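For reference, the structure discussed in these notes is given below.
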Amino acid sequence: NFPMLSLQNTYTTAEIEAFVQRCQQLLDTDKIQYLVELKFDGVSISLRYKNNRLNKAITRGDGAVGDDVTMNILQVKDIPKYIFKPANFPVEEFEVRGEVFMTRHNFAEINNQQILKNQKVFSNPRNLASGTLKLLDPEEVARRPLNFFAYYLLTKEPVLSDLSTNLELMKTMGFPINSNFKLCNSVTEILEFIDEWKDKRDELPYNIDGLVIKVNSIKQQQELGYIARFPRWAIAYKYSAEQVETKLLDITYQVGRTGIVSPVAELEPVELSQTIVKRATLHNEDFIKENDFRVGDYVFVEKGGEIIPK
Ligand code: IVH
Numbered sequence: 587n588f589p590m591l592s593l594q595n596t597y598t599t600a601e602i603e604a605f606v607q608r609c610q611q612l613l614d615t616d617k618i619q620y621l622v623e624l625k626f627d628g629v630s631i632s633l634r635y636k637n638n639r640l641n642k643a644i645t646r647g648d649g650a651v652g653d654d655v656t657m658n659i660l661q662v663k664d665i666p667k668y669i670f671k672p673a674n675f676p677v678e679e680f681e682v683r684g685e686v687f688m689t690r691h692n693f694a695e696i697n698n699q700q701i702l703k704n705q706k707v708f709s710n711p712r713n714l715a716s717g718t719l720k721l722l723d724p725e726e727v728a729r730r731p732l733n734f735f736a737y738y739l740l741t742k743e744p745v746l747s748d749l750s751t752n753l754e755l756m757k758t759m760g761f762p763i764n765s766n767f768k769l770c771n772s773v774t775e776i777l778e779f780i781d782e783w784k785d786k787r788d789e790l791p792y793n794i795d796g797l798v799i800k801v802n803s804i805k806q807q808q809e810l811g812y813i814a815r816f817p818r819w820a821i822a823y824k825y826s827a828e829q830v831e832t833k834l835l836d837i838t839y840q841v842g843r844t845g846i847v848s849p850v851a852e853l854e855p856v857e858l859s860q861t862i863v864k865r866a867t868l869h870n871e872d873f874i875k876e877n878d879f880r881v882g883d884y885v886f887v888e889k890g891g892e893i894i895p896k
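If you read the sequence shown in this note's numbering, its first letter stands for residue 587, the second for the next number, and so on.
As structure tokens, this is what we get:
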């Protein structure tokens, strides 16, 4: 039973440099490989396998104790229920950690259905994924397509050497692995990868909220250890949402298909993440009141994971 940990968030190049420097100092070497992965914006989950069979699935919850969501996880097609263990992995029990998420396309489909059924819409794919795992009706879960990426393998026996080999091993066993990772040997390579994904992330069919930078060698990870709930061998890098300032020209009201009226900001056109934005959602009257939006104000617009700018 290993605790499920959290990651320290960083936002700047300087913080990445400091992380690499600290690893080098503590390990007393500059021969460190870093595995840089996408940070999937979903629900983290622990899958326990016993004798080649999925035995238990638990969410992280508040860190220490999570919810048992085994019944619902059985409905997630991406997650293998039985696995084939290769000869070089002779363990009876192991644990796979990863992220359950929903694609933006499936999120939009389900929200459309919610509107048609006159039911509440979900605010983003992560909330929908997490809400789905909490449902008590596995048949309803089956109607809400969830996906999964595995990123971490744990065993009691010390048979694992590094994260990249483990990704390969999990792939062999039938787990979905995201191929957009890079093994980096220097800060420069890490920063290049961060820069590469800054715009490319918009083209992914699912949301990511940044990247995760991890020391690849498990031996070095053990040497680095943990501080409280954070590993000293990994950090998250978050892209701050791109925002632009523009003028609020008017507030109009849009009637949806089901008759729901929602306020819309009519904006002086501005370029944002390679598109021209003229309108943004104002969600509801409370949102306007809380922010005291008035025609003529200068406002910030951003694109979150959603299609409509905020
Ligand atoms: S590794 C001790 N890798 O981010 C290392 N986490 O902020 C633990 N996450 O709870 C996590 N993508 O739910 C790792 N490629 C990835 C990830 C990832 C998403 C989530 C995970 C974790 C949270 C920490």
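Backbone N, C-alpha and C fix where the C-beta goes; we use that ideal spot for every residue, glycine too.
None of these values were measured; they are calculated from a predicted model.
- Remark: the shortest separation between the CB of Glu754 and any heavy atom of ligand 1 does not fall under 7 Å.
- Per the Cβ contact rule, the stretch 709–724 is not in contact with the stretch 809–823 (fewer than 3 Cβ pairs under 8 Å).
- In the three-state reduction of the DSSP assignment, Ser750 falls in the helix class.
- Under the three-state reduction of DSSP, Val830 is assigned to strand.
- At a threshold of 7 Å, Tyr792 does not count as near ligand 1, since its beta carbon sits no closer than that to any of the ligand's heavy atoms.
- Contact between Lys625 and Ala822 holds: CB atoms are separated by about 6 Å, below the 8 Å threshold.
- Phe735 carries a strand assignment under DSSP once its states are collapsed to helix, strand and coil.
- Only residues of its own chain outside the window of five on either side were considered, and among them Leu777 have a CB closer than 7 Å to the CB of Thr599, listed in chain order.
- For Asn870, there is no enclosing alpha helix (DSSP H), as DSSP marks it with neither H nor E.
- Taken through DSSP and simplified to helix, strand or coil, Arg690 comes out as helix.
- By the C-beta criterion, the stretch 650–662 is judged not to be in contact with the stretch 750–764, since fewer than 3 inter-stretch pairs fall below 8 Å.
- By the Cβ rule, the stretch 665–682 counts as touching the stretch 734–754, because three or more pairs are nearer than 8 Å.
- Residue side-chain check: Leu702 keeps its Cβ at 7 Å or more from all non-hydrogen atoms of ligand 1.
- When the beta-carbon positions are compared, Gln594 and Phe779 stay at least 8 Å from each other.
- Secondary structure remark: continuous beta strand (DSSP E) runs of at least 3 residues inside the stretch 759–833, in chain order: 768–770, 794–801 and 820–823.
- When the five nearest sequence neighbours on each side are left out, the beta carbons in the same chain lying within less than 7 Å of the beta carbon of Leu858 are those of Glu828, Val830, Val887, Lys889 and Pro895, in order along the chain.
- Remark: the shortest separation between the CB of Glu685 and any heavy atom of ligand 1 falls under 7 Å.
- Taken through DSSP and simplified to helix, strand or coil, Pro724 comes out as helix.
- Looking only at Leu797, Arg818, Thr689 and Pro731, the smallest Cα-Cα distance to Leu790 is reached by Thr689.
- The C-beta of Val801 has 16 or more other C-beta atoms within 10 Å across all chains shown, which makes the residue buried.
- Among the bridge pairs identified by DSSP, Ser716 is matched with none.
- Secondary structure note for Leu591: it is in no alpha helix (DSSP H), with a DSSP letter that is neither H nor E.
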